[in-house]
Amino acid sequence: MAVQNPQNPQWRNPWDRSPATHAPQIRLTHADRDAVAEVLREAYSQGQLDEDEFEERLDKAMRAKVSNDLAPLTTDLGVQVSPGGTGNAPGVTQQNGNQAKDKAKDRGPTTDNPVEKVGAAAGHLSAWFLPFLAPLVLMIIGGELSPYLKRQAMEALNFQLFCLIGAVVSVLLFWLVVPLIALVLIGLGWVVLPIIATIASLQGARWRYPMVYRLIKDNN
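Given below as C-alpha cells:
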C-alpha cells in the first residue's frame, strides 16, 4: 500500500500510475485494507474523525473491493493511497493483517499512563458516589489533557444519563409490566457495570457500556 502526497502534481489520483495514464482498477488485498484501517484509526485517535465517522469508514474499508472504494476514505485526512498489495505505508506501522484488524476494531484510544487510568476509573465509579458531576468535570478536563480520559468520562456520563432517563420513564409507566422489568435491569446495571468499567479503565483498556444510547457524542 503506497501513500502519496495529495499536493504532488505527479499523482492526480491515488489509483493513477502516471499523470496521463489510468491504470486498471486493482483488486485489493487484506494488506491494502489493513493499511487504510490503520490510517483511519490514527486519524480517530488524533481527533480528525469522530466515533460515528470512524466506524462508518472502517466498515467501508473492510468491504472495499478496488482502489476507488478506498480513495474517498482518506483523502480529506491528508492521505491518498494506491494499491500495491504489500501493506506498506510510510508513516503507518506495518502489522500482521489480523493484528491490524483487531487494533482497528478497538475503535478508541487506550493508555499506559497511570494517572489517566485512575482518572477514567474514578469517572466510572462515580456512579456510586458523585454521579453526573464527576464524569462531566473529568470530560472537560480530559478534553485538554487526555483523549483517553475524555472518552471514558464521556462514556460514564452517557451511561449515567441513560440510566436516569430510563429509570424516570419506568417509574412514570409503573402500571405496565415491561417498565418494571426495565427498572430492575437498570438497577442491576447501575451496580455491576461501573465495576467492570473501573477494572477495564485501571488496565488502560477502552470500555463501552452495552446497550446504551449516547446522548453526548464527541464531534472533534
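Position in the sequence shown counted from 1, then plus 6, gives you the numbering used here. Ideal Cβ positions, reconstructed from N, Cα and C, are used throughout, including at glycine. Predicted model, so just to flag it, every value in this text is computed and none were measured.
{"Check": "Could you give the C-beta distance for A211 and T81, rounded to a whole number, given that I count them as a contact under 8 angstroms?", "Outcome": "Rounded, the Cβ-Cβ distance is 32 angstroms, inconsistent with contact."}
{"Check": "Would L83 pass as a contact of A49 if the rule is Cβ separation under 8 angstroms?", "Outcome": "yes"}
{"Check": "So, under 8 angstroms CB-CB, P185 and Q166 are touching, yes? Tell me the CB distance rounded to an integer number of Å.", "Outcome": "Wrong, their Cβ atoms sit about 19 angstroms apart, outside the cutoff."}
{"Check": "Can you check whether the CB of E161 is closer than 8 angstroms to the CB of Y219?", "Outcome": "no"}
{"Check": "Does R33 come out as helix, strand or coil in the three-state DSSP assignment?", "Outcome": "strand"}
{"Check": "Mapping DSSP to helix, strand and coil, what is Q86?", "Outcome": "strand"}
{"Check": "For T35 and F180, I'd like the C-alpha separation in whole angstroms.", "Outcome": "55 angstroms"}
{"Check": "Could you compute how far the alpha carbon of M68 sits from the alpha carbon of Q86?", "Outcome": "17 angstroms"}
{"Check": "Could you tell me the alpha carbon to alpha carbon distance between A43 and W134, rounded to whole angstroms?", "Outcome": "38 angstroms"}
{"Check": "Using CA coordinates, which residue listed in Q52, A77, Q54 is at the minimum distance from A41?", "Outcome": "A77"}
{"Check": "List in chain order: all unbroken alpha helix (DSSP H) runs of 4+ residues lying wholly within the segment 159 to 209.", "Outcome": "183 to 208"}
{"Check": "Please tell me whether G129 and Q158 are closer than 8 angstroms, where the distance is taken between their beta carbons.", "Outcome": "yes"}
{"Check": "Just confirm the distance between the C-beta atoms of I192 and G172, as a whole number of angstroms; I'd bet it's less than 8 angstroms.", "Outcome": "5 angstroms"}
{"Check": "Looking only at C-alpha atoms, which of Y154, Q31, L131 sits nearest to V197?", "Outcome": "L131"}
{"Check": "Please report the distance separating the alpha-carbon of Q54 from that of N119.", "Outcome": "22 angstroms"}
{"Check": "Between which two residues does the alpha helix (DSSP H) holding T80 run?", "Outcome": "73 to 80"}
{"Check": "DSSP state of S152, grouped into three classes?", "Outcome": "coil"}
{"Check": "Taking buried to mean at least 16 other C-beta atoms within 10 Å of its own C-beta, is R23 buried or exposed?", "Outcome": "Interpretation of R23 is limited by its pLDDT of 44, a score under 50 that renders its predicted location unreliable; no figure is taken from the coordinates."}
{"Check": "Can you give me the C-alpha to C-alpha distance between P153 and K66, rounded to a whole angstrom?", "Outcome": "25 angstroms"}
{"Check": "Please work out which residues of its chain come closer than 6 angstroms, Cβ to Cβ, to A188, disregarding the five sequence neighbours upstream and downstream, and give them in chain order.", "Outcome": "S176"}
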